[in-house]
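Beneath this line is the structure, given in structure tokens, with notes to follow.
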Amino acid sequence: MLSWSMAAPAIASAFVASLVEVVEALTIVLAVVALRGWRPAIAGTLAALAALCAMVILLGPLLELVPLHALQIAIGILLLLFGLGWLRKASLRAAGIVALHDEDAIFAAEKAELGAEVARRAASRDWIAGMAAFKAVLLEGLEVVFIVIAVGAGRGLLVPAGLGALGACIVVLIIGAAVHRPLSQVPENTLKFVVGVMLSSFGVFWTGEGLGVPWPGEDLALFGFGVLFLSTGLLSALAARRIGTVA
Amino acid sequence: MSLLRDILAELFSMFAGDAGLSTGIILIVAAAALASQFGAPLIGGALLLAGCLAVLAGAVLFAATKKK
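Residue numbers (my numbering), protein chains in the order written: chain A, 1 to 247; chain B, 1001 to 1068.
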């Protein structure tokens, strides 16, 4: 039976993480639209989505062959590597040590770079533009696929996590199509902080379960881990800011 | 080839962008696994959680100090 104390964080993690990645991909796709129109942008995006779907279809049945404890340990370690990496970067951005992600600046840089490339190779302009959209959606989509598999595979939550990711894609596409410009108002670092906290919590939980740790409170332990990771991330950001100010 | 290189670079940066952080996590998981193997799974769990929190704080403060 579906446990909501486990399904809700899985769906929320997949939704928020996908929101961040889709916003980043949309910036590049819109740069392609601004230069060469919708046709190569849509073609590149659809080709990348097809490649990502093929990856999920190939990987899904393989995961079912792996024993549950081994799968939980492997996915837990990958989640820790990925989640703590995001949390570290988000803390450093919050502290002002690393520059914030600026969608407007990325849009301008991508447009200029793509414009120069298109001007150099007049014969294959749409191809170059389509490939840029393909690459952006594929690379950002890889992270979405990993997150969906990672938060969903350990407890048979692949479908709810996938729906969370799909929901994020739909939300960003609707807003992106309506405003027709990069979504620079999205508080990306805050979202990354939240995702880092969620993925790290899942990472500790799955790794522990795989090692046979009887977590007190069972699934509810996830929320306790979340509070601890959030506090540590915020306190580290504060301390890092202080170090930066003293310098 | 450039696409394949970009995909591999993306995968590498996803899981091993910071060598110190990645090494720390692997060592903590190994220590937790040892504790669980020797009949103390709860201690293994506590080690895993506390270790990950410590590695996170250490990685952020190390990067801030290095930047200084």
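C-beta atoms are modelled at their ideal positions from N, C-alpha and C, and glycine is treated no differently.
Start and end residues, alpha helix (DSSP H) containing residue i
i	result
B/R1005	S1002 to A1016
A/R93	L68 to A94
A/S200	E188 to L211
A/F134	R125 to A153
A/L166	L158 to V179
Rounded straight-line distance, which links the Cα of residue j to that of residue i
i	j	result
A/A8	B/A1063	33 Å
B/G1024	A/G210	19 Å
A/G176	B/A1035	50 Å
B/A1033	A/A43	47 Å
A/G117	A/G224	With the sequence shown as reference, residue 117 of chain A is identified as Glu, and Gly is not the correct amino acid for it. Whole-angstrom Cα-Cα distance: 50 Å.
A/V16	A/E24	13 Å
A/A178	A/V172	10 Å
A/M131	A/V22	17 Å
B/E1026	A/I73	According to the sequence shown, residue 1026 of chain B is Ile rather than Glu. Each residue's Cα considered, the two are about 11 Å apart.
A/C169	A/S231	30 Å
B/G1045	B/L1008	32 Å
A/A31	A/G208	44 Å
Buried/exposed call for residue i, threshold 16 Cβ in 10 Å
i	result
A/I149	buried
A/T245	exposed
B/K1066	exposed
A/V159	exposed
A/E103	buried
A/P187	exposed
A/V66	exposed
A/L58	exposed
A/V204	buried
A/G212	exposed
A/G53	First, the amino acid is wrong: residue 53 of chain A is Cys here, not Gly. Answer is exposed; the Cβ neighbour count stays below 16.
A/W206	buried
A/A70	exposed
A/S236	buried
A/E143	buried
A/V227	exposed
Chain A contacts made by the region 1007-1035 of chain B, where a contact means CB separation under 8 Å: I1007, E1010, L1011, M1014, F1015, A1016, G1017, D1018, L1021, S1022, I1025, I1026, V1029, A1032 and A1033
Contacting positions in the region 1043-1056 of chain B - beta carbon closer than 8 Å to chain A: G1044, G1045, L1048, L1049, C1052, L1053, V1055 and L1056
Touch test, the region 136-147 of chain A against the region 1036-1044 of chain B, Cβ-Cβ under 8 Å, three pairs minimum: no
Meets three-Cβ-pair contact criterion under 8 Å: the region 105-116 of chain A and the region 1009-1016 of chain B: no
The region 44-57 of chain A / the region 192-203 of chain A touching (three or more Cβ pairs under 8 Å): no
Residues from the region 9-26 of chain A in contact with chain B, defined by Cβ distance under 7 Å: none
Contact residues within the region 69-88 of chain A, judged by C-beta distance below 7 Å to chain B: I77, L78, L80, L81, F82, L84, G85, L87 and R88
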